[in-house]
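**Student:** In the working numbering, the protein residues as written are 177 to 241.
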């Protein structure tokens, strides 16, 4: 039996509960959570940089007056 077909049978057994493992649905959820987590990390980094930029701009403005 080709390897791909064997993997499909294993995946089906996991999804139906006949074999221990992480189901396809759970794997999809995990991938989505990882994708969302990465997006949030990037957004957080952008916000940190923006906050530092505006804080420095405010400090510069106060020092000029």
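Every residue gets a Cβ at the ideal spot worked out from N, C-alpha and C, and that includes glycine.
1. Helix, strand or coil for residue 199, going by three-state DSSP, please let me know.
2. Would you report the Cα separation of residue 209 and residue 184, rounded to the nearest angstrom?
3. In whole angstroms, what is the alpha-carbon distance linking residue 240 and residue 212?
4. Is the beta carbon of residue 199 closer than 9 Å to that of residue 190?
5. Please report the straight-line C-alpha distance between residue 225 and residue 207, rounded to a whole angstrom.
**Tutor:** Walking through what the data contain:
1. coil
2. 24 Å
3. 42 Å
4. yes
5. 27 Å
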